[in-house]
Every structure is written in structure tokens, then in C-alpha cells.
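A quick write-up on the structure given underneath.
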Amino acid sequence: AQRVTQPEKLLSVFKGAPVELKCNYSYSGSPELFWYVQYSRQRLQLLLRHISRESIKGFTADLNKGETSFHLKKPFAQEEDSAMYYCALKFTDKLIFGTGTRLQVFP
Amino acid sequence: DAGVIQSPRHEVTEMGQEVTLRCKPISGHNSLFWYRQTMMRGLELLIYFNNNVPIDDSGMPEDRFSAKMPNASFSTLKIQPSEPRDSAVYFCASRQGSAEKLFFGSGTQLSVL
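Chains A and B are the protein sequences, given in the same order. Start counting the first sequence at 2; every next residue gets the next number (this note's numbering). Start counting the second sequence at 1041; every next residue gets the next number (this note's numbering).
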């Protein structure tokens, strides 16, 4: 069955430390994966998509088909990165989300 | 455009009462999704519509849940009767065609006492 797993509910780091939010997926086809972010008092919004191979706000995510992972990384965390992060898999015409990871960046 | 509009923002009700959540998608978007957010299960897709037609309702938890989309600019999610375990944040999202990007509403925080 199609599934997205985010093993960490909470990740706490200090400003300037590297960040890696883990995402693993289960899908037999060719995956399309995304990261969505919800900042405090803001709407859930698209952060980046694997197909674009882009860096947004310093974040990157590489699809690793061998490990079925799509981890989100940033070399130096900022306080404004504190938010809820969801990994999502496109399956047929819909998005399946993981359980989310709350990132806390302390000053 | 004000984006996806959901109402009410907060709903507190007693067990057994009927609850109706409302959503207005972005004008021109022809796909609409209802998600439920909880700490334990994250964001779960309940149902989605394409051109006002329900395409996949496999995520609707029980017969107590129903959703309609009578026209391109309005959708409702109804819970009848409501139960405390229905307490969650319910999000509506829309998109244009098969575009990858979903636009989310602000959500409705539902508390069933």
C-alpha cells in the first residue's frame, strides 16, 4: 500500500545547526514527492517538489529510490524555519501525507 | 484572490450534534480536497472532488461523514452525529487541473465535547 512515513514527531536544533527531516515512502511506481510546510498561524503551503530539484529557503531534498527516502535537509537552520513539515506522495490524482515533523529551532 | 476560504474557523459542539464545515475553493480550481489533521495520524485525505464529482471517498471514516459539492464554488463536509473522536482540524484544499500544487484553507478546528 502507498504510505509516507515521517519517523520523528519533533526535531529540536539550535540555530546554525544542520537539519535533516526524514521521510520514507512505500510505492511500487515511479514516485512524485513533495514537502509542504505550515508556519505558525499560516496556511499549509508547498515548500518544494523533488522533480524540480530546487533549493527553497536553503532547503533541499533528494529522492533516493534505493532507500525509498526523500529527506529534507538544510545545512544551517534559522529560527524562522520553525514550523510543521509534511512529506507527501502523489498517488493517482491525490496527495498522501505523512504524519508530519515539528521542527523547533532555538536561538 | 483570498485563497481557499473555510468556515467556521472554530467549532465547539456536543456529542451527537450535527456539524457542517464549509469550503470555498479558489476560483477556477476544479479539484477540491478535504483533509483531517490529528497529532496521531497527521493529514488524512477524507475525500476529493473533480469538477464537482466525488472521485475518491475511501478516506471517509464512517457513514457519519458525508461531503457534497453542489457547484464549483462551494463544498460542505458534514458529520452527523458527531463524536469526541472527531475532534481535529479539518482542511480544505483546491488545485487547478492536475497541477501538483495544492492550495490550503486555514482549516476548521473542531472540538466535540
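Just so it is clear, CB atoms sit at the ideal spot from N, CA and C, and this is done for glycine as well. Predicted, not measured: the structure shown is a model, and the values here were computed from it.
Open item on the list: In this structure, how does DSSP classify residue 1125/B when only helix, strand and coil are distinguished?
Closed with: helix
Task: residue 1144/B and residue 44/A closer than 7 angstroms at C-beta - done: Yes. Within cutoff.
Open item on the list: Looking at the secondary structure, which residues open and close the beta strand (DSSP E) in which residue 1107/B lies?
Closed with: 1105-1111
TODO: Have a look at residue 78/A and residue 1138/B and give me their C-alpha separation to the nearest angstrom.
DONE: Per the coordinates, the alpha-carbon of residue 78/A lies some 33 angstroms from the alpha-carbon of residue 1138/B.
Open item on the list: For residue 1049/B, list the residues DSSP reports as bridge partners.
Closed with: For residue 1049/B, which the question treats as bridged, DSSP gives no partner whatsoever.
Task: Interface residues of chain A facing residue 1141/B [CB-CB closer than 7 angstroms] - done: From the beta-carbon of residue 1141/B, the residues of chain A found nearer than 7 angstroms are 47.
Task: Distance between residue 1090/B and residue 107/A (C-alpha atoms, nearest Å) - done: Cα to Cα, the separation comes out at about 42 angstroms.
Task: Inter-residue Cα distance where the pair is residue 1106/B and residue 1118/B - done: 5 angstroms
Open item on the list: Please classify residue 1136/B as buried or exposed, where buried requires at least 16 neighbouring CB atoms within 10 angstroms.
Closed with: exposed
Task: Three-state secondary structure assigned by DSSP to residue 97/A - done: Three-state result, residue 97/A: strand.
Open item on the list: Taking the straight line between their C-alpha atoms, what separation do you get for residue 71/A and residue 27/A?
Closed with: 11 angstroms
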